[in-house]
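Below is one structure, written out as structure tokens, with a few remarks after it.
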């Protein structure tokens with residue numbers, strides 16, 4: 112999830128029942144990274160990281176459309 116009035120750097124929120132992880136997109140080419148985690152397991156984080164990495168181009172484009180140039184992040 113990308114919030115419309117969120118702050119830089121470019122990131123997404125992955126939320127479930129009572130759990131959340133925030134991943135930095137590092138749109139300029141770096142690897143994605145977990146910024147914060149709340150109740151997620153290592154296996155859940157790995158699965159989410161793979162999904163986010165596979166969709167990073169789409170997510171970075173969405174961030175840029177909402178917030179401006181994601182490459183600055």
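Numbering (our numbering), first residue to last: 112 to 184.
Even glycine gets a Cβ: it sits at the ideal position worked out from N, Cα and C.
As the structure is a computational prediction, the values presented were derived from the model and not from experiment.
message = To the nearest angstrom, how far is the alpha carbon of residue 145 from that of residue 174?
response = Residue 145 sits at position 34 when you count from the first residue of the chain shown. Residue 174 sits at position 63 when you count from the first residue of the chain shown. Rounded to the nearest angstrom, the gap between the Cα atoms of residue 145 and residue 174 is 17 Å.
ask   = Beta carbon of residue 123, beta carbon of residue 155: below 9 Å?
value = Here residue 123 is taken as the residue at index 12 of the chain shown, counted from 1. Here residue 155 is taken as the residue at index 44 of the chain shown, counted from 1. No. Outside cutoff.
request  = From the DSSP output, read off the bridge partner residues of residue 131.
outcome  = Sequence index remark: in the chain shown, residue 131 carries index 20 (1-based). Partner(s): 126 and 149.
ask   = Going straight from the alpha carbon of residue 160 to that of residue 136, what length do you get?
value = In the chain shown, the residue the question calls residue 160 occupies position 49. In the chain shown, the residue the question calls residue 136 occupies position 25. Here the alpha carbons of residue 136 and residue 160 stand approximately 10 Å from one another.
inquiry  = What would DSSP say about residue 144, mapped onto helix, strand or coil?
reply    = For the purposes of this step, residue 144 is taken as the residue at position 33 of the chain shown. Secondary structure of residue 144 (DSSP, three-state): strand.
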